[in-house]
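Take a look at the structure below.
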DNA sequence: GCTTGACCTGGATCCGGCTCCAGGTGAGAT
DNA sequence: ATCTCACCTGGAGCCGGATCCAGGTCAAGC
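Residue numbers (UniProt numbering), protein chains in the order written: chain S, 1 to 119; chain B, 1 to 119.
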């Protein structure tokens, strides 16, 4: 059962310490274990959940929805079908984002070509 | 020389009227023509520039950078090489965004598969 | 000739998501 | 022993990007 100091958690997750504290405060992260001095000691599980959070955040899921997902996770195994639904829905949005970006990119490339053509 | 009322510009660009006014106020849009009553009359050119803005915005370019690009456009033809550089750089970032989303999407899909496997 | 309804303005406000601050504690290095 | 440094807390502040508001002006249909 390895534990991670705040500095290590920052290193591993790429979130700032302030952000980790903020996520704990708003309940996106369950209350993190503490040592005798009251300092946080992150578990492997915390880090793995933070990996999920990073993934959802970086694909544009709003915090409010991540909170809902977090509740499902906490509520236990019986919510797995719901979690699948949430992730599938999100997956579709990510797909749409990619398609949209690719489309916009074509516009940008046409513009670049146009600019080259008038040089 | 067709002109567009505010409502038509909203319709064409997908921006809200407030946003169009805001873009004009901050200088992302050059001062739009007015009719005798002081109401905006957008030109084809305005709409086409707004198309560019939409593309840049939807690909995540911050307003500050769009403003810099707008200045290049206003400064005249001799800035075309600079504009190409800006767009190429942005194109690379868009490419990176797409790659990142695709990577995150794989994570999500692995998670979905995992959830399915434990049902 | 009145009433709608689309506009106008400057400025305040909101929102999500952090980020920073002051003031304090405890543990390890010198 | 003392210093430093990583931490802690609650709460304030910031930033980007709009969005909303009050109070006012025209234009056009009935």
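We treat Cβ as the ideally placed atom computed from N, Cα and C, and that holds for glycine.
| By Cβ distance below 7 Å, which residues in the same chain neighbour residue 31 of chain S in space, the five residues on each side in sequence not counted? | Mapped onto the first chain, residue 31 of chain S falls at position 31. So the qualifying residues of the chain are 24.
| Under three-state DSSP, which class holds residue 124 of chain B? | Because chain B is modelled from 1 through 119, residue 124 of chain B falls outside the range shown and cannot be assessed.
| query | How many whole angstroms separate the CB atoms of residue 116 of chain B and residue 26 of chain S, which I take to be in contact at a CB cut-off of 8 Å? | reply | Position 116 of the second chain, counted from the first residue, corresponds to residue 116 of chain B. Position 26 of the first chain, counted from the first residue, corresponds to residue 26 of chain S. Incorrect: roughly 30 Å between the Cβ atoms, too far for contact.
| message | One question on the structure: do residue 2 of chain S and residue 43 of chain S come within less than 9 Å of each other, judged by their Cβ atoms? | response | As a working note, residue 2 of chain S is residue 2 in the first chain. As a working note, residue 43 of chain S is residue 43 in the first chain. Closer than 9 Å, so yes.
| field | Length at least 4, wholly inside the stretch 15-97 of chain S: the alpha helix (DSSP H) runs in chain order | value | Segments of the alpha helix (DSSP H) lying fully in the stretch 15-97 of chain S: 17-26, 44-58, 63-75.
| request: Determine, using beta carbons only, whether residue 79 of chain B and residue 87 of chain B come nearer to each other than 9 Å. | output: As a first step, residue 79 of chain B is located in the second chain; it is residue number 79 there, counting from the start. As a first step, residue 87 of chain B is located in the second chain; it is residue number 87 there, counting from the start. No.
| Reference residue 41 of chain B; option with closest CA among B:118, B:4, B:16, B:119 | Here residue 41 of chain B refers to the residue found at position 41 when the second chain is read from its first residue. Per the Cα distances, B:4.
| request: Below 8 Å between beta carbons is the criterion; list the residues of the stretch 84-105 of chain S that meet it against any residue of chain B, in chain order. | output: Within the stretch 84-105 of chain S, the residues whose Cβ lies closer than 8 Å to some Cβ of chain B are 84, 87, 88, 90, 91, 94, 95, 97, 98, 100, 101, 102, 104, 105, listed in chain order.
| Helix, strand or coil: how does DSSP classify residue 10 of chain S here? | Numbered from 1 along the first chain, position 10 holds the residue referred to as residue 10 of chain S. Residue 10 of chain S: helix per DSSP, three-state reduction.
| said: Suppose you measure from the CA of residue 118 of chain B to the CA of residue 112 of chain B; what does that come to, to the nearest Å? | reply: Reading the second chain from its first residue, position 118 is the one you call residue 118 of chain B. Reading the second chain from its first residue, position 112 is the one you call residue 112 of chain B. When rounded, the distance between both Cα atoms is 10 Å.
| Would you report the Cα separation of residue 107 of chain S and residue 55 of chain B, rounded to the nearest angstrom? | As a working mapping, residue 107 of chain S is identified with position 107 in the first chain. As a working mapping, residue 55 of chain B is identified with position 55 in the second chain. Inter-residue distance for residue 107 of chain S and residue 55 of chain B is about 8 Å (C-alpha atoms, whole angstroms).
| query | Any beta-carbon of chain B closer than 9 Å to the one on residue 77 of chain S? | reply | Your numbering for residue 77 of chain S matches position 77 in the first chain. Cβ-Cβ to chain B under 9 Å: yes for residue 77 of chain S.
| message | Within 10 Å of its beta-carbon, does residue 46 of chain S have 16 or more other beta-carbons around it, so buried, or fewer, so exposed? | response | Numbered from 1 along the first chain, position 46 holds the residue referred to as residue 46 of chain S. Classified as buried, residue 46 of chain S has 16 or more neighbouring CB atoms from the shown chains inside 10 Å of its CB.
| Interface partners of residue 59 of chain S on chain B, CB under 8 Å | For this step, residue 59 of chain S is matched to residue 59 along the first chain. In chain order, 101, 104, 105, 108 make up the part of chain B whose C-beta sits under 8 Å from the C-beta of residue 59 of chain S.
| request: Rounded to whole angstroms, what's the CA-CA distance from residue 12 of chain S to residue 101 of chain B? Just pull it up for me. | output: Translated into positions along the first chain, residue 12 of chain S becomes position 12. Translated into positions along the second chain, residue 101 of chain B becomes position 101. The alpha-carbon atoms of residue 12 of chain S and residue 101 of chain B are separated by roughly 20 Å.
| Mind pulling the chain S residues with CB within less than 9 Å of residue 118 of chain B? | Locating residue 118 of chain B in the second chain gives position 118, counting from the first residue. Going along chain S in sequence order, the residues near residue 118 of chain B (Cβ under 9 Å) are 77, 80.
| message | By the 9 Å beta-carbon criterion, what residues does the UniProt domain "HTH merR-type" (3-72) of chain S contribute toward chain B? | response | The UniProt domain "HTH merR-type" (3-72) of chain S vs chain B, Cβ under 9 Å: 51, 52, 54, 55, 56, 58, 59, 60.
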